[in-house]
Amino acid sequence: MTFTNTSLQNEIDDLSQRRNLLKQKWIDRQRNVSDLLASTVVACRTSANDIHFIEQQKQEVLSSDRISDFEFESSLVDYLSKHAPILVSSLAQ
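Using this note's numbering, read the sequence shown as starting at 3 and increasing by one per residue.
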């Protein structure tokens, strides 16, 4: 099989273009993997921070003073009267 200079040069150019295309695809895939890993790290840090914050809140609630049943009932009635769609007083009747 003999090649002329032109056909050989065309073959070299074609291989060079394929190499560059594959190289660009490889770079793009590496970038996508890097972005995915960075997103995963951010999500894990956010989750860890959320867990830490929830644990702190739980400890604060557990260590806070206890309230009596009457105080709880009064607080609940006050909250419901402000936020419930029906009147709390109508439930008490």
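For glycine and all other residues, C-beta sits at the position ideal for the given N, C-alpha and C.
**OP:** Taking R33 as part of the alpha helix (DSSP H), name the residues at either end of that continuous run.
**Re:** N7 to S65
Subject >> Between the CA atoms of I69 and I53 - distance to the nearest angstrom >> reply: 26 Å
**OP:** Can you tell me which of the three DSSP states S83 falls into?
**Re:** helix
**OP:** Return helix, strand or coil for S70, following the three-state DSSP convention.
**Re:** coil
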